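Undergrad: Numbering (my numbering), first residue to last: 3 to 180.
Glycine is no exception: its CB is placed at the ideal position from the N, C-alpha and C atoms.
Remember, predicted model here, so these are calculated numbers, not experimental data.
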Amino acid sequence: MYVWDETTASRESQEIASYCLRHLQNVTTQSHNFLYIPQDYYDVTGRCRKNNKFILHEMKRENFISEKNLQNAIQKCMRKNTNGEKLYWLKICWMRFCKSVLYTILYKISMEDIKFKTLNLSPTYQGRSKFERIALAPLYNDARSITYEKYKDMEQLLSYIPPVHQEYFKTLPYKEYK
3 MYVWDETTAS
13 RESQEIASYC
23 LRHLQNVTTQ
33 SHNFLYIPQD
43 YYDVTGRCRK
53 NNKFILHEMK
63 RENFISEKNL
73 QNAIQKCMRK
83 NTNGEKLYWL
93 KICWMRFCKS
103 VLYTILYKIS
113 MEDIKFKTLN
123 LSPTYQGRSK
133 FERIALAPLY
143 NDARSITYEK
153 YKDMEQLLSY
163 IPPVHQEYFK
173 TLPYKEYK
């Protein structure tokens, strides 16, 4: 399981893609708890099962990458499958990715027992970049800021948080009014 707080990254598609990429690169799984800071949530999540416990990987800012360059490189070949049929992304029910078949997405538009259709993403057109040469830039260069309103709300709740944890909230970056 991959975890991060909102000052590290958001919960949008690029962040999800980042942790999926990190996971794929590494593939070869109580009583009342007081939760004040993100580390407390991570600890509870790691202990929430007796058997087959979650393995937590805390994501850092540098683990999140922008896939925009990669997306731009493959966008044109994602309109038709290898049979020349138009691809309707919202109709896809099942996708399969095989390490043995690089740059290929196998998919079905129903859950019936039919053959997978193939979408070839390989850079076959002249002038297109090889995927290995595409630079994956960091998604965030600096810590993400929370809104001023959220910061003020948390400031008002500090009296309910033990002093040992208050410093975390006092040092959160936030956007000031302009």
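1. Do the stretch 15 to 29 and the stretch 38 to 52 meet, that is, are 3 or more Cβ pairs less than 8 angstroms apart?
2. If you draw a straight line from the alpha carbon of S112 to that of W6, how long is it in whole angstroms?
3. Comparing alpha-carbon positions, which option in V103, G86, T84, I107 lies nearest I94?
4. Could you give the distance in angstroms between the alpha-carbon of N122 and the alpha-carbon of L138?
5. Looking at the secondary structure, which residues open and close the alpha helix (DSSP H) in which K152 lies?
6. To the nearest angstrom, how far is the alpha carbon of K82 from that of Y142?
7. Distance check for K70 and L174, CA to CA, integer angstroms please.
8. For L104, report the span of its beta strand (DSSP E) as first-last.
9. With 16 other CB atoms within 10 Å as the buried threshold, where does Y150 fall?
10. Which of the three DSSP states, helix, strand or coil, is assigned to P164?
11. Should Y44 be labelled buried (16 or more other beta-carbon atoms within 10 Å of its own) or exposed?
12. Using C-beta distances below 7 angstroms, list every residue in its chain close to Y170, excluding the 5 sequence neighbours before and after it, in chain order.
13. Have a look at the DSSP bridge pairing and note the partners of W91.
14. So, using beta-carbon positions, are K110 and F99 closer together than 8 angstroms?
TA: Quick look at the numbers:
1. no
2. For the purposes of this step, residue 112 is taken as the residue at position 110 of the sequence shown. For the purposes of this step, residue 6 is taken as the residue at position 4 of the sequence shown. Taking the straight line joining both Cα atoms gives about 35 angstroms.
3. The residue given as residue 94 occupies position 92 in the sequence shown. That would be I107, whose Cα lies nearest to the Cα of I94.
4. Mapped onto the sequence shown, residue 122 falls at position 120. Mapped onto the sequence shown, residue 138 falls at position 136. In a straight line, the C-alpha of N122 is about 21 angstroms away from that of L138.
5. Taking the sequence shown and counting its residues from 1, one reaches residue 152 at position 150. Segment 150 to 159, the alpha helix (DSSP H) holding K152.
6. By 1-based counting over the sequence shown, the position of residue 82 is 80. By 1-based counting over the sequence shown, the position of residue 142 is 140. Those two C-alpha atoms are separated by around 33 angstroms.
7. The residue labelled residue 174 in the question sits at position 172 within the sequence shown. The residue labelled residue 70 in the question sits at position 68 within the sequence shown. Rounded to the nearest angstrom, the two C-alpha atoms are 28 angstroms apart.
8. Translated into positions along the sequence shown, residue 104 becomes position 102. Premise fails: L104 is in no beta strand (DSSP E) and is neither H nor E.
9. Position 148 of the sequence shown, counted from the first residue, corresponds to residue 150. Y150 is exposed by the Cβ-count criterion.
10. Working through the sequence shown from its first residue, we reach residue 164 at position 162. In the structure shown, P164 sits in coil (DSSP, three-state: anything other than H, G, I, E or B).
11. Translated into the one-based positions of the sequence shown, residue 44 becomes position 42. So Y44 counts as buried.
12. Looking up residue 170 in the sequence shown gives position 168. I39.
13. Locating residue 91 in the sequence shown gives position 89, where the first residue counts as 1. The partner list for W91 (beta bridge, DSSP) is empty, contrary to what the question assumes.
14. The count along the sequence shown starts at 1 and reaches residue 110 at position 108. The count along the sequence shown starts at 1 and reaches residue 99 at position 97. No; because the gap between Cβ atoms is not below 8 angstroms, this pair is not in contact.
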